[in-house]
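Residue numbers (the working numbering): 130 to 871.
Quick reminder that beta carbons are idealized off the backbone N, C-alpha and C, glycines included.
Values in this document were obtained by computation on a predicted structure and should not be read as measured data.
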C-alpha cells in the first residue's frame, strides 16, 4: 500500500505538536464526490475508469476530514484527520484553507430527436419537488424543453407539439402574458392574479364547463420578448416555480438558429407550495423565451400562430405583465363569450393602481389618469358596447374568440391585418400606415366587426377589471401618450375611410345603421381633438377678456387687461417653445422644461376657472335683479342671459354629467379624489401631449431595438447519423467546483 504525506502539516497549541494523520486506502468502493453530477441528468457524461483520479474533497459522515491525492502510479491514498473535522486540522483560521477553483468541462450527450426537433424532458429540482404535493405524473415532475428553429407561422408544419397535445386535452381558455424587461414584482403580481382566477374557475362545481378538473382546460402562456432583455430576477422566479432551468437552452440546432425556447410544466397555483386541501389547483404553464427582441406584436404571433393552432382554444385572454386581473375577472370575460355566440372580443375595466390607502393619488399625474380611466369606462366603453363596436380593446387586459380571429382560406382576415404591423415600422411603410399600426389593437377591433360574411360584435364587461401601474413621471407620461395619440388618430382615420366594409359583413341593416351612427360620433371626436389646441386657446381668450366687461369686476379694468396680456404672451411663447423642444428631442432630456410648462398651464386653468365662476355669479345676480320678485321671470331672465346660458350649458355637459353618470354606476369616489387634479391637468393633456405627439409622427418606434445577431453562448446542437437512428450531440458546459490542496 503506497503512502504519502501532506506537505507542511500544521501545528496547534503552544507546543508545536502536529496533528496526527491517519492513512486510509482508496479504492473503487469509496464514497463518490458530492459534486459529481447525478446519473439521471441527460447531460451527465460518466467518467472513464482509466482516467487519473482528480484531487477531490470527500465528505464522510464522521468527524474526520479526508483528502485524496494521486501517488503518480494510477492508485491513490486518502489522508484523514482524526482529531478535527477541518481540513488541515487545528482551530479556526489556523489550518490549511481549501482553494476553490471553477473549471469547465465540455461534455457531449446523445439524445434522440423528437419528430426531427430538439425536445428534452428534464426532472425538476429535488428541493422543488419535495415542497409540492402533486408528483403523480410527468407533467408535475419533468420540465419539457423545446428549441424552436422556425417562424411562428411554421410551428405546426415543423411537427412541433405541446404537452397538451400529447395528453389529449382540450383547451377552453388560453391566457398569454406578454413581457419585455419587467421585474419580478410586476411578474408575480400578474401571475398571482391569473392563478387566483384559475382557482376560481375550478371552484365552480355547478358549471358544465368548469369544476375541480377545470385547470386542465386552461393554459397560461408567458412570452418574453428577448432572451437578453428579460429581467434576471424574473427569470429566477420562473426557475423557482420549476418552469425554467438553466443550461437546457441551445442557440443553434442542426445549423439553424433557435428562434424561441419553450418550457412546459404544470405547477403549484399560488407559488406558495400549498396543495389542493388549501383550495389551490395546478396550472399548466407554457413559457416561451424568444431569442431576439422583436416587439410585442411578434410575441402575439407566437401565441396566435404557433401555439393557437395546436391547442385550438375557445377563448384567448391577453394580459400585459404588470396588469393584475381581478379574482373573478377572467371568468366574467369568458362568460360573455359563453352567453352570446356572436361576441368576438370583450374587455373589462382598466384601473389605475393607487397604492395602499390611495397614497398615489397625492401625485396629480396619477390622480388625473385615474379620473381619465374611470370616465372612459363609465361613458365611452358602455356606449360603444351598445352599438357593438368598441374602438379599442386594451391589450393590457382583453379577450377574443379564437375562431373569430381566423383568416379565410385565402389568408385574408383580422389576424392578417393585425400582424401586418410587425413589418410596418421600417422604411418600407408610409408614415400613415406606420403610425396607424402603433395602435394595432384598434385595427383588429375594426376588422373583427367588419369581417366578411360574419356578424361579430364587441362587448364591454363592467364586472371584469385589471389593475395596472400608470406613469408617475412627466417624461414617462409624455412618451407613453405619444404612441397612444398617434396610433389612435391614424387608426381612427383608417376606420372612417373604410366605413363601407361593414356593409360586406353579415350584420343586419339595423346593426349596420348603428355602426354608421357610431362613425359619425367618432368623426366628431376626431375633428374636436384635431382642433383641441385652438379651442382651448379660444376659451382662455374669451373668458379672460370677458371678465373686464361684467358689471362688478373683481379688479379694475386696467388690472384685468394687464393680467390677460401677460398670460396671453406667456401662453403663446410656451406653445412656440413646445414645438421647438418637441422636434427631435426626447422628454427625458427636458424634464424640468415640461414640468414648468405643466405648472403654468395649471395656473392658467385656475385663472380661467376663476373668471368662469365670477362671470356666472354676476350673471345670476343680474338676472335676479332684472326679474325682481317674479319666480318665472327670474328663470326666463337667466335663460335669456347669454353669458350665463353658455357657461351653464358647458358646465352641465361636462362636470355635472361626470357626477351623474358616476353615481348611476355606483362609483362616484373618483369625482371627489381626482376631479380637481384632472381639471388642472386638462390644459396639459390638450397642449403638451398633442404638440409632442404630432411633432413626432416620424417616430414609430416601440422603445425596442432590433436584434440581428446569432448568439452562441448557450451552446450548439449538431446532428449525426448512427446506423438507423438520428442522434444529437449536445454540447453542454458543466461547471465543476473542485478543491485543491497543496
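> With which residues is residue 590 paired in a DSSP beta bridge?
Replying inline: For residue 590, which the question treats as bridged, DSSP gives no partner whatsoever.
>> What residue range does the alpha helix (DSSP H) around residue 311 cover?
In response: That residue, residue 311, is in no alpha helix (DSSP H); it is neither H nor E in DSSP.
> Taking only runs of the alpha helix (DSSP H) that begin and end inside the stretch 677-705, which ones reach a length of at least 4 residues, in chain order?
Replying inline: none
> Among residues of its own chain, excluding the 5 on either side of residue 619, which ones have a beta-carbon nearer than 7 Å to its beta-carbon?
Replying inline: 561, 564 and 565
>> Excluding the 5 residues flanking residue 220 on each side, which residues of the same chain have their C-beta closer than 6 Å to its C-beta?
In response: Reliability fails at residue 220, whose pLDDT of 47 lies under 50, so the model's placement of it is uncertain and the value that follows must be treated cautiously. Closer than 6 Å at the Cβ level, and outside the excluded window around residue 220, lies no residue.
> Secondary structure at residue 577, three-state DSSP: helix, strand or coil?
Replying inline: helix
> By the 10 Å Cβ neighbour count, where 16 or more other Cβ atoms means buried, how is residue 286 classified, buried or exposed?
Replying inline: exposed
> Where do the N-terminal and C-terminal ends of the alpha helix (DSSP H) with residue 461 fall, by residue?
Replying inline: 458-468
> Exposed or buried, which one is residue 829 when buried takes at least 16 other CB atoms within 10 Å?
Replying inline: buried
> Could you give the distance in angstroms between the alpha-carbon of residue 266 and the alpha-carbon of residue 248?
Replying inline: 18 Å
>> Whole angstroms are fine: how far does the CA of residue 802 sit from the CA of residue 749?
In response: 29 Å
> Under a Cβ-count criterion, where at least 16 other Cβ atoms within 10 Å of its own Cβ denotes burial, should residue 345 be classed as buried or exposed?
Replying inline: buried
> Nearest to residue 426 by CA position, among 263, 667, 501 and 448, is which residue?
Replying inline: 448
>> So, for residue 600: in the same chain, excluding its five sequence neighbours on each side, which residues have a beta-carbon less than 6 Å away from its beta-carbon?
In response: 606 and 609
> When you compare only the Cα positions, how much space is there between residue 380 and residue 275?
Replying inline: 12 Å
> Helix, strand or coil for residue 535 per DSSP?
Replying inline: coil
> To which residues of the same chain is residue 180 closer than 6 Å at the C-beta, ignoring the five residues directly before and after it?
Replying inline: With a pLDDT of 43 at residue 180, under the threshold of 50, the modelled position of that residue is not reliable, and the figure given next carries that caveat. Correct list: empty, nothing qualifies.
>> Just to confirm my understanding: we take residue 177, look at its own chain, exclude 5 residues before and 5 after, and list those with CB closer than 6 Å. What are they?
In response: Caution is warranted here: a pLDDT of 47 is assigned to residue 177, below 50, making its placement in the model unreliable, and no coordinate value can be reported.
> In whole angstroms, what separates the C-alpha of residue 501 from that of residue 602?
Replying inline: 17 Å
> Which residue from 327, 320, 743 and 388 puts its Cα closest to that of residue 372?
Replying inline: 320
>> Would residue 293 and residue 394 be called neighbours here (beta carbons separated by less than 7 Å)?
In response: no
>> Quick check: the Cα distance between residue 369 and residue 613, rounded to an integer number of angstroms?
In response: 36 Å
> What number of angstroms, rounded off, separates the C-alpha of residue 577 from the C-alpha of residue 473?
Replying inline: 7 Å
> Just how far apart, CA to CA, sit residue 634 and residue 258?
Replying inline: 53 Å
> Which residues in the same chain have their Cβ closer than 8 Å to the Cβ of residue 827, if we skip the five residues on either side of it in sequence?
Replying inline: 560
>> Closest to residue 800 by C-alpha separation, out of 489, 504, 631 and 697, would be which residue?
In response: 504
> If you check the beta carbons only, do residue 246 and residue 355 fall under 7 Å apart?
Replying inline: no
>> Between the alpha carbons of residue 304 and residue 526, how many angstroms are there, rounded?
In response: 10 Å
> According to the Cβ coordinates, are residue 824 and residue 712 closer than 7 Å?
Replying inline: yes
> For residue 581, does the count of other Cβ atoms within 10 angstroms reach 16, so buried, or fall short, so exposed?
Replying inline: exposed
> If you count every other CB in all the chains shown that lies within 10 Å of the CB of residue 157, and 16 or more means buried, which is it?
Replying inline: Low local confidence applies: a pLDDT of 43 at residue 157 is under 50, so the model's placement there is unreliable, with the coordinate-based value given in what follows. Residue 157 should be labelled exposed.
> Using the rule of at least 16 other Cβ atoms within 10 Å of the residue's Cβ for burial, across every protein chain shown, is residue 145 buried or exposed?
Replying inline: Below a pLDDT of 50, predicted positions are generally treated as unreliable, and residue 145, at 49, falls in that range; no measurement from the model is reported.
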